[in-house]
Amino acid sequence: MNGVINWLTDPAHWSGDDGVVRRLVEHLEYSLVAVLIAAVVAIPLGLFVGHTGRGRFAVVNAAGAARAVPSLGLLFIAVMFVGPRLSGDAAFVLPCEIVLVVLAIPPILAGTYSGVEEVDSAARDAAKGMGMRGTEVLAKVELPCALPLIFSGLRSATLQVVATATIAATVGLGGLGRFLIDGLSVRDYDQMAAGAVLVAALALAVDVVFALVQRYAVSPGLTGRRVRRAAEPGVTPELAVHVTA
Amino acid sequence: MTWFTQHISEVLDLTLKHAYLAGVPLILGLIISIPLGWLARRYKVLYVPLIAGTGLLYTIPSLALFILMPLFIGTRILDSVNVIVAMTIYTVALLVRTVADGLGAVPDAVAQSATAMGFNRPRRLFMVELPLAAPVISAGLRVAAVSNVSIVSVAAIIGVPQLGSLFTDGFRRDYADPIVVGVVACVLLALVFDGVILAVTRLVTPWQRVRRAA
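Chains A and B supply the protein sequences, listed in that same order. The first sequence maps to residues 1 to 245 in our numbering. The second sequence maps to residues 1 to 214 in our numbering.
This is the structure:
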C-alpha cells in the first residue's frame with residue numbers, strides 16, 4: 001500500500017511524455033471520441049425506434065448480442081484486420097475506437113428508445129390533440145421527457161468506455177492503461193496498482209460530473225421519482241431492455 | 001477452423017474455467033444481494049446508501065479491480081480468487097438494486113394477505129415476495145451473466161487462464177484463429193448462461209406460463 005502512495009506522490013511520475021497527465025489526456029481523448037460517435041449513431045436510431053416502434057426486435061437483439069462480445073478479443077481482431085490497411089498511429093487508434101463505439105452503442109440505444117417508449121401516452125395524445133405533427137411530438141414532448149433515461153444511458157456508456165479504454169495499452173497505445181501494462185511487464189506492482197487507482201478515480205470523477213450535468217440538464221417539470229431514479233448510478237436502461245424483451 | 005479441430009480439448013478446458021470464473025460469482029452475488037436488497041426495501045433510510053454505494057462499486061474498471069484485489073484480501077496477483085471476488089462485487093453491484101426494486105413491485109395487498117394468513121416475516125419473504133419478484137431478479141441476473149462472461153476475459157491480461165487467454169496468445173503470435181474461436185466461445189457461453197437463467201426462472205414461476213396460455 002505504501003509503495004502505491006509513494007509512486008503516486010512522486011512528481012517525476014506525473015510530468016513528461018509518459019507521465020500521468022499526458023496519459024490522462026490520452027485516456028479522455030479515446031473515451032470522448034468513442035462516446036460522441038456512439039451518441040451520434042445511437043440517439044437518432046433510438047428515437048426512431050422509440051417513436052415508430054419499428055425495428056424494435058432487431059435493435060433489442062443486436063444490442064444484447066453486442067454486449068456479449070468480449071472487448072479484448074474484438075480489439076485484437078480489429079487490430080489484425082483493420083490495422084494493416086492503415087499506417088502510423090491510426091493503425092491502432094481506429095481499431096480501438098471501433099471497439100469502444102461498439103461497447104458504447106447498446107446502453108445509449110437502450111436508454112433512448114426505452115426513454116421514448118416510457119413517455120406517458122396521455123402527454124403524447126395531448127400533443128397530437130394540440131395539432132403537433134409526428135416530428136414535433138418527438139422533438140417537443142418525447143425527447144425532453146426521455147432525457148433522464150437518455151442521460152443514464154450515456155452515463156453508463158461513458159463509464160464502460162472509460163473502464164475499457166484501459167485495454168488500449170495492450171496494443172501499444174497510450175492512456176492510463178499504460179501503467180498497468182508496463183507495470184505488469186516489468187513486475188512493478190506499485191506502478192500497476194497506482195495505475196489501477198488512477199483509472200478507478202477517473203471513472204468515479206466522470207460519474208460525478210454526469211450526476212451534476214444530469215441534475216441541471218433535465219427539465220424541472222420532470223421531477224419526482226423518475227428524475228431521482230435516473231440520477232442514481234445503475235442499470236435502468238439495461239434492465240428495461242430485458243424486462244420488455 | 002482447422003485450428004479449432006486440433007485444439008478442441010484446450011478450448012473446452014478454457015471454456016470450463018471461464019464458466020467457473022463467471023458463474024460462481026453469479027451465485028455468490030445473488031446470495032449476497034438478496035439480504036442487502038431486502039434491507040434496502042425494509043428500511044427506507046438504507047435504500048439510497050445501499051443502492052448508491054453498490055452502484056459506485058460498478059464504476060471501478062475491471063482490470064483495475066483485478067489488480068487491486070491483492071491489496072485488499074492479501075492474495076497473490078495470479079490467484080484466480082481475485083477474479084472470483086472482483087466478479088462477485090460486480091454482480092452484487094448490479095443485483096442489489098434489482099432485488100430491492102423487484103421486492104418493491106410486489107403488490108401490497110398480496111404481502112398483507114400473506115401476513116393475514118399467518119406467515120411470519122421470513123416465511124412471507126421466501127414463500128411469497130421473492131417468488132413474485134423472481135422475473136425482475138432474473139432480468140437483472142441475465143444482465144449480470146452476460147457482462148460477467150465478457151469482463152472475465154480481461155483477466156487474461158494479468159495471466160489468469162480462461163477463454164481470454166486465447167486472445168492474448170493469438171495476438172502475441174499474430175494469429176487470428178484462436179482469437180475468433182475465443183470470441184465465439186464467449187458469446188456461446190453467454191447464451192448458455194442466459195438459457196439456464198431463463199429455464200430456472202420458468203421453473204420457479206409456473207403461474208407465468210398459465211397466465212400466458214390463458
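Ideal placement from N, C-alpha and C gives every residue a C-beta, glycine not left out. A quick note: this is a predicted structure, and the numbers were derived from the prediction, not measured.
Check                                                                                                  : Outcome
Identity of the residue in B/Pro-35, B/Ile-89, B/Leu-166 nearest B/Pro-61 by Cα                        : B/Ile-89
Min CB distance A/Leu-109 to chain B below 8 Å                                                         : no
Contacting positions in the segment 7-41 of chain B - beta carbon closer than 8 Å to chain A           : none
The segment 59-84 of chain B: positions lying closer than 9 Å to chain A by Cβ                         : Thr-59, Ile-60, Pro-61, Ser-62, Leu-63, Ala-64, Leu-65, Phe-66, Ile-67, Leu-68, Pro-70, Leu-71, Ile-77
Under 8 Å between C-beta atoms of B/Ile-32 and B/Val-85                                                : no
Span of the alpha helix (DSSP H) around B/Ile-158                                                      : Neither: B/Ile-158 is in no alpha helix (DSSP H) and is coded neither H nor E.
Chain-ordered residues of the segment 117-130 of chain A with a beta carbon less than 9 Å from chain B : none
Minimum Cβ-Cβ distance from B/Val-180 to chain A less than 8 Å                                         : yes
Exposed unless 16 or more other CB atoms sit within 10 angstroms - verdict on A/Tyr-113                : buried
Backbone secondary structure at B/Ile-77 - three-state DSSP                                            : coil
Rounded straight-line distance, which links the Cα of A/Ala-211 to that of A/Arg-155                   : 9 Å
Residue burial classification, B/Thr-59 (beta-carbon count within 10 angstroms, cutoff 16)             : buried
Per-residue burial, A/Gly-174 [other beta carbons within 10 Å of its own, 16 or more giving buried]    : buried
Assigned secondary structure, A/Val-186 (DSSP; H/G/I helix, E/B strand, else coil)                     : coil
Contact test: A/Gly-55 Cβ vs the ligand GDP heavy atom, cutoff 7 Å                                     : Ligands in the displayed structure: none, and consequently the ligand GDP is not present.
Residue closest to A/Gly-3, alpha-carbon to alpha-carbon, out of A/Asp-207, A/Tyr-189, A/Ala-217       : A/Tyr-189
Limits of the unbroken alpha helix (DSSP H) element including A/Ser-219                                : Where A/Ser-219 is concerned, there is no enclosing alpha helix (DSSP H), given that its DSSP letter is neither H nor E.
CA-to-CA distance, A/Gln-191 to A/Val-20, given in whole angstroms                                     : 11 Å
Exposure label - B/Tyr-175; buried when at least 16 CB within 10 Å                                     : exposed
DSSP state of A/Pro-39 mapped onto helix, strand, coil                                                 : According to the sequence provided, residue 39 of chain A is Ala. The question's Pro does not apply to it. A/Ala-39: helix per DSSP, three-state reduction.
Cβ of A/Asp-207 within 8 Å of any chain B Cβ                                                           : yes
B/Phe-4 at chain A interface by Cβ criterion, 8 Å                                                      : no
Straight-line Cα distance separating A/Asp-125 from A/Val-199                                          : 46 Å
Helix, strand or coil at B/Val-106 according to DSSP, with G and I counted as helix                    : coil
6 Å Cβ shell around A/Val-119 - same chain, five flanking residues per side excluded                   : Glu-142, Cys-145
Where B/Thr-205 sits in the DSSP three-state scheme                                                    : coil
CB contact check: A/Met-192 to chain C, cutoff 8 Å                                                     : Judged by its chain identifiers, the structure shown contains no chain C, and its protein chains are A and B.
Test: B/Gly-170 CB closer than 8 Å to a CB of chain A                                                  : yes
Spatially closest choice to B/Asp-101 from B/Ala-114, B/Pro-70, B/Ile-34, by CA coordinates            : B/Ile-34
Beta-carbon proximity list for B/Val-201, same chain, < 7 Å, skipping 5 on both sides                  : The residue you asked about is not Val; residue 201 of chain B is Thr in the sequence shown. So the qualifying residues of the chain are Ala-134, Pro-135, Ser-138.
Endpoints, alpha helix (DSSP H) assigned at A/Ile-77                                                   : 71-82
Limits of the unbroken alpha helix (DSSP H) element including A/Leu-173                                : Counting along the chain, A/Leu-173 falls outside any alpha helix (DSSP H), and DSSP gives it neither H nor E.
Cβ shell of B/Val-96 (< 8 Å), same chain only, five flanking positions each side left out              : Ser-33, Leu-36, Gly-37, Ala-40, Leu-50, Ile-51, Thr-54
Interface flag, B/Val-146 vs chain A, CB-CB below 8 Å                                                  : yes
Cβ pair B/Leu-141, B/Leu-21 closer than 8 Å                                                            : no
Three-state secondary structure (DSSP) of B/His-7                                                      : coil
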